[in-house]
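**Q** Under our numbering, residues 2 to 452 are what the sequence shown spells out, in order.
Ideal Cβ placement from N, Cα and C applies to all residues, glycine included.
Computed from a prediction, not measured in an experiment: that's the story for all the values here.
Shown below is the structure under consideration.
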Amino acid sequence: MSRAAASKGPGKPRAALVQGAVWTGIYLALVAAPMIVLLAGTPPASRGFWRELSAALGYAGMAMVGIQFALTARFRRATAPFGVDVIYYFHRNISLMAAGIIIAHVAILFAIDPRTRALLNIAAAPWRARAAMAAAAALAVLIMASLFRRRLCIGYEAWRRWHGALAVLAVLCALIHIELVSHYIEAPAKRVLWTVYSACWLGLLVHVRLLRPWSQLRHPYVVDSLRPERGSAWSVTVRPGGHTGLRFQPGQFAWLTAWNSPFAVEEHPFSFSSSAGQADRITFTIKELGDFTRRVRDLAPGQRVYLDGPYGAFTPDRHPAPGYVLIAGGVGITPMMSILRTFADRDDGRPVLLVYANRTWEEVTFREELDALQQQLPLKVVHVLERPPEGWTGERGFVTVELLDRLLPAERRDRHYFLCGPDPMRLAVERALYRLRVPLGRVHAERFNLV
Numbered sequence: 002m003s004r005a006a007a008s009k010g011p012g013k014p015r016a017a018l019v020q021g022a023v024w025t026g027i028y029l030a031l032v033a034a035p036m037i038v039l040l041a042g043t044p045p046a047s048r049g050f051w052r053e054l055s056a057a058l059g060y061a062g063m064a065m066v067g068i069q070f071a072l073t074a075r076f077r078r079a080t081a082p083f084g085v086d087v088i089y090y091f092h093r094n095i096s097l098m099a100a101g102i103i104i105a106h107v108a109i110l111f112a113i114d115p116r117t118r119a120l121l122n123i124a125a126a127p128w129r130a131r132a133a134m135a136a137a138a139a140l141a142v143l144i145m146a147s148l149f150r151r152r153l154c155i156g157y158e159a160w161r162r163w164h165g166a167l168a169v170l171a172v173l174c175a176l177i178h179i180e181l182v183s184h185y186i187e188a189p190a191k192r193v194l195w196t197v198y199s200a201c202w203l204g205l206l207v208h209v210r211l212l213r214p215w216s217q218l219r220h221p222y223v224v225d226s227l228r229p230e231r232g233s234a235w236s237v238t239v240r241p242g243g244h245t246g247l248r249f250q251p252g253q254f255a256w257l258t259a260w261n262s263p264f265a266v267e268e269h270p271f272s273f274s275s276s277a278g279q280a281d282r283i284t285f286t287i288k289e290l291g292d293f294t295r296r297v298r299d300l301a302p303g304q305r306v307y308l309d310g311p312y313g314a315f316t317p318d319r320h321p322a323p324g325y326v327l328i329a330g331g332v333g334i335t336p337m338m339s340i341l342r343t344f345a346d347r348d349d350g351r352p353v354l355l356v357y358a359n360r361t362w363e364e365v366t367f368r369e370e371l372d373a374l375q376q377q378l379p380l381k382v383v384h385v386l387e388r389p390p391e392g393w394t395g396e397r398g399f400v401t402v403e404l405l406d407r408l409l410p411a412e413r414r415d416r417h418y419f420l421c422g423p424d425p426m427r428l429a430v431e432r433a434l435y436r437l438r439v440p441l442g443r444v445h446a447e448r449f450n451l452v
């Protein structure tokens, strides 16, 4: 084992668990605080249990929606214990829960007092009801567009712009609704609470939309080279434009902005494929899959681009082990190459098994370099082809529990496992490892889709 590998101790995962627990507690406290504070002290005259429950649900749902801005603000210290992909997955699912709580808030009011249904007449309704309807409509459109973006053929860039605008509109209208109802915020201390929350939401918006893009604008990168790869992929290497660049861990990723200002909010997440030891040149390997990725071939040396990163907990540097198993599908090889290239630069002597699935032999990205790395590292590469060429003697089909049972080392419970590939493959491999009794805490998966 190299000195770099040996320096990683077991305290690091334990520290991440503690940090994760702390940030989880902070999130729960922020969600519960408005409901607890607004219902504490001398309450307003009671209007009945169900009406009070409806109000409590409304405040809790509003707090959850507002805190969504913090979840997607990409604060590295907060996301480090989990990984940004996990945070975005949580953001997506907790949004559905918040919407359900808000629906319950409204449904209870309509059920206990049918007269409140008259508030749905937007022409005659008071402004507090109009603000509530506007917030609900914005939230409903936001969620439906997110759930069915691909079916509705909404482009990623357009979706991001509308997603942000609708989220801001929903929160602003909800705050107006709370202010106009005013039943629970008449006390000065309780009004201060919502003022602080509102200021924090505004601050998050300024940070995400103004301060961070401004920092990226002041620290640009320049395209150094562009190289075609097997599998309809391109390796784009960039260098810092007048600054020291960034340091990352193998397996992490960054958001890339090209052909636009960072203020345009048209950025895309890509894993690093270069070694973490080469900060002066950073490489992304991008497969042609969508509108933006098909334009990558048009990047020109000298062109200015912008990075926001690094992010992600998908890295062996945070999970020390006597050896690793990497399982990749298609362009999911990208973070694995960063890991292998970094291990080569570090002269890391720990054994690595790479199981790499592709449709055809010609689509195997980095095929020749992987062969060379097997001579440089204690690395075993196993290719799994869905449509192998004639005379193929290697593995065929898909990565199954039977295949893994044959390939995994005897010390399988001591290894850490890194999975990256299309969602169906990732889920199948996770189930296979579970059946093979691999401890859950040793399996790390990178999701392709953050939205």
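#1: What residue ranges within the segment 44-104 form continuous beta strand (DSSP E) runs of no fewer than 3 residues, ordered along the chain?
#2: Following the continuous beta strand (DSSP E) through Asp225, name the residue where it begins and the one where it ends.
#3: Return the CA-CA distance between Ile177 and Val207, expressed in angstroms with no decimal places.
#4: For the putative contact between Phe293 and His269, defined by C-beta atoms under 8 Å, what is the C-beta separation to the nearest angstrom?
#5: Would you kindly report the start and end of the unbroken beta strand (DSSP E) that includes Glu447?
#6: Please state whether the Cβ-Cβ distance between Gly310 and Ala255 is less than 8 Å.
#7: Determine the burial state of Ile328: buried for a count of at least 16 other Cβ atoms within 10 Å of its Cβ, exposed for fewer.
#8: Contact criterion: CB-CB distance below 8 Å. Does Ile109 meet it with respect to chain C?
#9: Would you report the Cα separation of Val142 and His384, rounded to the nearest angstrom?
#10: Per the contact definition of three or more C-beta pairs closer than 8 Å, is the segment 426-444 in contact with the segment 399-410?
#11: Going by the DSSP bridge assignment, what does Trp256 pair with across the sheet?
#12: For Thr80, count neighbouring Cβ atoms within 10 angstroms of its own Cβ and tell me buried if that reaches 16, exposed if not.
#13: Just tell me which of Arg192, Pro241 and Thr401 has its CA closest to the CA of Gly303.
#14: For Arg4, count the other beta carbons within 10 Å of its own beta carbon; 16 or more makes it buried, fewer makes it exposed. Which is it?
#15: Please tell me whether His445 and Ala322 are closer than 8 Å, where the distance is taken between their beta carbons.
#16: Does the count of Cβ pairs from the segment 330-345 and the segment 271-284 closer than 8 Å reach three?
#17: Using the rule of at least 16 other Cβ atoms within 10 Å of the residue's Cβ for burial, across every protein chain shown, is Cys154 buried or exposed?
#18: Answer yes or no: do Leu386 and Gly392 have a C-beta to C-beta separation smaller than 8 Å?
#19: State yes or no: is the C-beta of Ser276 within less than 8 Å of the C-beta of Ser236?
#20: Run through DSSP, which three-state label would Phe367 get?
#21: How would you write the range of the alpha helix (DSSP H) that Trp163 sits in, first residue to last?
#22: Do the segment 64-72 and the segment 166-177 make contact, defined as three or more Cβ pairs closer than 8 Å?
#23: My guess is that Arg388 and Thr361 are in contact by the Cβ rule of under 8 Å, so how many angstroms apart are they, rounded?
#24: Could you tell me the alpha carbon to alpha carbon distance between Phe91 and Phe50, rounded to whole angstroms?
#25: State the DSSP-derived secondary structure class of Trp215, mapped to helix, strand or coil.
#26: Below 8 Å on the Cβ atoms is my guess for Val400 versus Val356; work out the distance and round it to an integer in Å.
#27: To the nearest angstrom, how far is it from the Cα of Glu369 to the Cα of Thr316?
**A** Checking against the coordinates, here is how it stands:
#1: The qualifying runs do not exist here; there are none.
#2: Per DSSP, Asp225 belongs to the beta strand (DSSP E) from Tyr222 to Glu230.
#3: A straight line joining the alpha-carbon of Ile177 with that of Val207 spans about 20 Å.
#4: 5 Å between Cβ atoms; contact.
#5: Segment Val444 to Glu447, the beta strand (DSSP E) holding Glu447.
#6: Yes, Cβ-Cβ distance for Gly310 and Ala255 is below 8 Å.
#7: Classification for Ile328: buried.
#8: Given the protein chain composition of this structure (a single chain), no chain C is represented.
#9: Computed Cα separation, rounded: 44 Å.
#10: At 8 Å Cβ cutoff, the stretches touch.
#11: Its beta-bridge partners are Pro270 and Asp309.
#12: Looking at its Cβ environment, which holds 16 or more other Cβ atoms inside 10 Å, Thr80 is buried.
#13: Taking Gly303 as reference, the option from Arg192, Pro241 and Thr401 with the minimal CA-CA separation is Pro241.
#14: Residue placement at Arg4 is flagged as unreliable, the pLDDT there being 37, under the threshold of 50; the coordinate-derived value follows with that caveat. Result: exposed.
#15: Taking 8 Å as the Cβ cut-off, His445 and Ala322 do not qualify as a contacting pair.
#16: Short answer: they touch.
#17: Within 10 angstroms of the beta-carbon of Cys154 lie fewer than 16 other beta-carbons, which makes it exposed.
#18: With a cutoff of 8 Å on beta-carbon distance, Leu386 and Gly392 are scored as not near each other.
#19: Cβ atoms of Ser276 and Ser236: not closer than 8 Å.
#20: Here Phe367 carries a coil assignment [DSSP, helix/strand/coil].
#21: Going by DSSP, Trp163 is part of the alpha helix (DSSP H) stretching over Tyr157 to Val182.
#22: Touching, per the Cβ criterion.
#23: A Cβ-Cβ separation of about 5 Å places Arg388 in contact with Thr361 under the 8 Å criterion.
#24: One C-alpha to the other measures close to 31 Å.
#25: Looking at Trp215 - three-state DSSP - the assignment turns out to be helix.
#26: Cβ-Cβ separation between Val400 and Val356: approximately 6 Å, consistent with a contact (criterion under 8 Å).
#27: Each residue's alpha carbon lies about 24 Å from the other.
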